[in-house]
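In what follows, a structure is listed as structure tokens, so that the remarks can point back to it.
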Amino acid sequence: MALAIDMVGTRLGSGTRTYNLSFCEYINTHNIDQTIFIFITKDYLKNIKINQNPNIKYLIKSNIFTNIFFRICWMQFILPFELKLRGVGQLYSPMNMSPLILRIFNIELTLALHSNLPWVYFDMMPGNYLRNFLTKFFMQLSIFVCDKLIVDSEFAKNEIVNILKLNQKKVFVVYLGIDKKYLSLNKNENFIKGFEYKNYIISVLSCVKYHNIINLLKGFKLLKKEKDLNFKFVIVLQILDKKYYSEIKNFISNNFDENEIIFFHNLDSNYLVNLYRGASFYIFSSYCEVFGLTSLEAMTQGCPVLISKKSALLEINGEAAEYFDPDNEIEIKECMKKVLFNNDIKKNLVERGTKRYKIFNWDNTVKETLKIIKQ
């Protein structure tokens, strides 16, 4: 019985795209004893080796299906028939939604859910109301019709089970892994031209309201005022909410001097290794995460982590991070000050982080996912 994996999705540098690329890279190295069809769009081809495993067959679709509306139409009305024609008995949908009529075709469905945001902070979702409503609608229906649901943390499982009153027995937890570029022993030569790799802190995040960026800036402003610091705040940003980005830019222009806050937009992730390595600390202030990879990436480069004590972030980062209330700018400032000026605390965080990130690897993610699909 063949297995299919639907990875037709966004072209943006999103978490789901990162998941898809990493999953494909690692599944190619596994000993596969069945035929697996993986549906991808053309833009994935520059990142995936499609002839590496003889039992894995990549089916290439047009980039038009990266558009959410075209993607949903293809997924609901074309994909089920294509699966049936190819003799597929199981479908793995790793991007939050799936076809809703698979039971008619006697195809078992395993769904992966990488966000609880639509049920927890719907008003903070980027994009227009109709798009967000349809996204939530299809995500929720997909959860109800799937045979098995995979989530990224115990927190995510408990939250979605309680919100949607799901049967816990059909919900499984599989932790994500860290991209191998952060684990390589080879020297990374990707440096940003003209950027001075000293005296800065860093945050890597999307421009969305639930990432609470303005409160981070308020805390940094308080710290600079109290300590008269010659430090910069580097923000690696993907702009998903243009209105919120305008608010951020206005706040910066009214509260900081030129070049105190440095933005790198849609930066190639290969440049992150040296940015993490040179930073005095990494900070992240999200309200809503079911996992959160960037803090673990920072740990791989010996960068201390300061992070919001919300959602799954405590579970994933454990004792390897310094925590703060993302709504309290004074607490954010104090947390920054503690790590910046106490070498013992900083050293302790680095040592704990070095142990912590090793828990999460993609070999385990792929192995556990395939095991759940087959059982």
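Start counting the sequence shown at -19; every next residue gets the next number (the numbering used here).
No residue lacks a Cβ here, since even glycine has one placed at the ideal position from N, Cα and C.
A quick note: this is a predicted structure, and the numbers were derived from the prediction, not measured.
Same chain, Cβ closer than 7 Å to residue i, neighbours up to 5 away in sequence not counted
i	result
ASN192	SER265, SER266, TYR267 and PRO306
ASN35	ILE12, GLN14, THR15 and ILE16
THR280	ILE158, TYR162, LEU163 and TYR337
PHE231	ILE194 and LEU197
LYS178	GLY258
VAL141	GLN148 and VAL151
VAL330	GLY282 and PRO284
Residue i - partner residues in DSSP beta bridges
i	result
SER73	LEU91
LYS26	Note: LYS26 sits in no beta bridge, so no partner.
TYR262	ILE182 and VAL285
LYS356	Residue coverage of the chain in this structure runs from -19 to 355, which leaves residue 356 outside it and unanswerable.
VAL214	ILE182 and ILE242
ALA(-18)	VAL68
Three-state secondary structure assigned by DSSP to residue i
i	result
SER275	helix
PHE17	strand
PHE3	helix
ILE219	strand
CYS187	strand
TYR225	helix
GLU62	helix
ASP236	The sequence shown places Phe at residue 236, not Asp. It is coil, neither helix nor strand.
GLU302	strand
GLN355	coil
GLY(-11)	coil
THR56	The sequence as given places Gln at residue 56; Thr does not occur at that position. Residue state, collapsed to three classes: helix.
GLU295	helix
ILE12	coil
GLU206	helix
MET105	coil
GLU309	helix
VAL253	helix
GLN120	helix
GLU269	coil
ASN96	coil
ASN47	coil
ILE193	helix
ILE81	coil
Close Cβ partners of residue i (< 6 Å) along its chain, the five nearest in sequence each way excluded
i	result
LEU217	CYS187, PHE243 and HIS245
ASP221	PRO106, CYS187 and VAL188
GLY356	Here the chain comprises residues numbered -19 to 355, so residue 356 is not present and cannot be evaluated.
ILE215	SER183 and PHE243
TYR262	ILE182, ALA278, CYS283 and VAL285
LEU59	PRO79
GLU139	ASN96
LEU209	none
CB contact below 8 Å: residue i versus chain B
i	result
LEU209	As a matter of chain content, chain B is missing from the structure shown, which is built from one protein chain.
Contacting residues, own chain, Cβ-Cβ under 8 Å from residue i (five flanking each side not counted)
i	result
LYS335	ALA300
Closer than 7 Å: residue i CB and nearest the ligand PLP heavy atom
i	result
PHE213	Here there are no bound small molecules, and the ligand PLP is not part of this structure.
Item to check | Contained alpha helix (DSSP H) runs [length at least 4] in the stretch 123 to 180, N- to C-terminal order | outcome: List check, alpha helix (DSSP H) in window: 134 to 144.
Item to check | the stretch 90 to 103 / the stretch 119 to 135 touching (three or more Cβ pairs under 8 Å) | outcome: Verdict: yes, contact present.
Next on the checklist: Tell me whether the stretch 195 to 203 and the stretch 268 to 287 touch, counting them as touching only if at least three CB pairs, one residue from each stretch, are closer than 8 Å.
Outcome noted: Because the criterion of three Cβ pairs below 8 Å is not met, the stretch 195 to 203 and the stretch 268 to 287 do not touch.
Next on the checklist: Across the stretch 135 to 150 and the stretch 73 to 84, are there enough close Cβ pairs to call them in contact, namely three or more that are closer than 8 Å?
Outcome noted: The answer is no - the stretch 73 to 84 does not touch the stretch 135 to 150, with fewer than three Cβ pairs under 8 Å.
Item to check | Inside the stretch 320 to 347 only - alpha helix (DSSP H) runs reaching at least 4 residues | outcome: Entirely contained in the stretch 320 to 347, the alpha helix (DSSP H) runs reaching 4 residues are, in chain order, 323 to 336.
Checklist entry - Should the stretch 287 to 301 be called in touch with the stretch 318 to 325, which here means at least 3 C-beta pairs below 8 Å? => result With the cut-off at 8 Å, the stretch 287 to 301 and the stretch 318 to 325 do not touch.
Checklist entry - Would you call the stretch -17 to -9 and the stretch 55 to 69 in contact, with 3 or more CB pairs under 8 Å? => result Look at the beta carbons and you see the stretch -17 to -9 touching the stretch 55 to 69: at least three pairs across the two are nearer than 8 Å.
Checklist entry - Are three or more beta carbon pairs between the stretch 58 to 74 and the stretch 98 to 114 nearer than 8 Å? => result Short answer: they don't touch.
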